[in-house]
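Numbered according to the numbering used here, the sequence shown terminates at residue 151, and the numbering increases by one at each position without gaps.
Each residue gets a CB set at the ideal place from its N, CA and C atoms; glycine is no exception.
Just so we're clear, the structure is a prediction, and the values are computed from it rather than from any experiment.
Data block below; observations after.
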Amino acid sequence: MLILVATDSSWIVDTIVAALGDDDTSFTVCGEGRHVSRVVQQRTEDASAPDYDLAILDLQIGSMGGMAVAMALRLDESAGVLPHVPALMLLDRKADVHLARRSGAEGWLVKPLDALRLRRAATTVTGGGAYHNGPVRQEVIEGEPAPAS
3 MLILVATDSS
13 WIVDTIVAAL
23 GDDDTSFTVC
33 GEGRHVSRVV
43 QQRTEDASAP
53 DYDLAILDLQ
63 IGSMGGMAVA
73 MALRLDESAG
83 VLPHVPALML
93 LDRKADVHLA
103 RRSGAEGWLV
113 KPLDALRLRR
123 AATTVTGGGA
133 YHNGPVRQEV
143 IEGEPAPAS
């Protein structure tokens, strides 16, 4: 699997690589959102290189946020310039879900990130499905154990 990660945050890269990394997975990290379409296009123009299987887009990227990147990928795809690259957005809060819906991303996760949700989301989105998930919340009632999720 070939994954493009668009973020300027090293902890997000570390979390994604730890959760999704294995012998069959390669990562390309793009620290500038405005360069994502060009990176995808360069890979597409190299006939010997496979296309990206997944783009993981952080909502907060310095030069161009994840929503704008996802929209640019979809626009370039509709123009026939780029192949379809499934997009998974990493959101900062539940209120950002409306941005993800409008962006054309197949999936989104609300931070904080965890390995289980990242793996589920990546598997679902690369398999052609949609994955929409917020943070896992556990309600703790004093004296009662937390419910299993």
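Any Cβ of chain C within less than 8 Å of the Cβ of residue i?
i, result
"Val-41", "No chain C is part of this structure, which consists of one protein chain only."
Could you give the C-beta distance for residue i and residue j, rounded to a whole number, given that I count them as a contact under 8 Å?
i, j, result
"Ala-57", "Ala-8", "7 Å"
"Leu-92", "Leu-115", "7 Å"
"Ser-39", "Leu-84", "7 Å"
"Ala-72", "Gly-106", "5 Å"
Short of 8 Å in beta carbon distance, which residues of its chain neighbour residue i, apart from the five on each side in sequence? Order them along the chain.
i, result
"Leu-120", "Thr-17, Ile-18, Ala-21, Leu-22, Leu-111"
"Ile-14", "Val-7, Asp-60, Leu-92, Leu-115"
"Ala-132", "Glu-108, Gly-109, Thr-126"
One question on the structure: do residue i and residue j come within less than 8 Å of each other, judged by their Cβ atoms?
i, j, result
"Met-3", "Gly-35", "no"
"His-86", "Gly-109", "no"
"Thr-27", "Val-41", "no"
"Arg-45", "Asp-55", "no"
"Pro-88", "Thr-128", "yes"
Taking the beta strand (DSSP E) that residue i falls in, what are its first and last residues?
i, result
"Ala-132", "Careful: Ala-132 lies outside any beta strand (DSSP E) and carries neither H nor E."
"Val-31", "28-32"
"Leu-6", "4-8"
"Leu-22", "Per DSSP, Leu-22 belongs to no beta strand (DSSP E); it is in the alpha helix (DSSP H), 12-22."
Which first and last residues belong to the alpha helix (DSSP H) in which residue i is found?
i, result
"Asp-78", "68-80"
"Leu-101", "99-105"
"Ser-65", "Unbroken run through Ser-65: none, as it is neither H nor E."
For the ligand SAH, is there any heavy atom lying closer than 7 Å to the beta carbon of residue i?
i, result
"Val-127", "The model depicted lacks the ligand SAH and carries no ligand whatsoever."
Since residue i sits in a beta bridge, which residues does DSSP pair it with?
i, result
"Asp-60", "Leu-92"
"Leu-111", "Leu-92, Asn-135"
Between residue i and the rest of its own chain, which residues show a CB-CB distance below 7 Å, the 5 nearest in sequence each way excluded?
i, result
"Ala-117", "Ala-20, Ala-21"
"Ser-11", "Asp-60"
"Gln-62", "Asp-94"
Please return the same chain residues whose Cβ sits closer than 6 Å to the Cβ of residue i, not counting the five positions on each side in sequence.
i, result
"Ala-74", "Ser-39"
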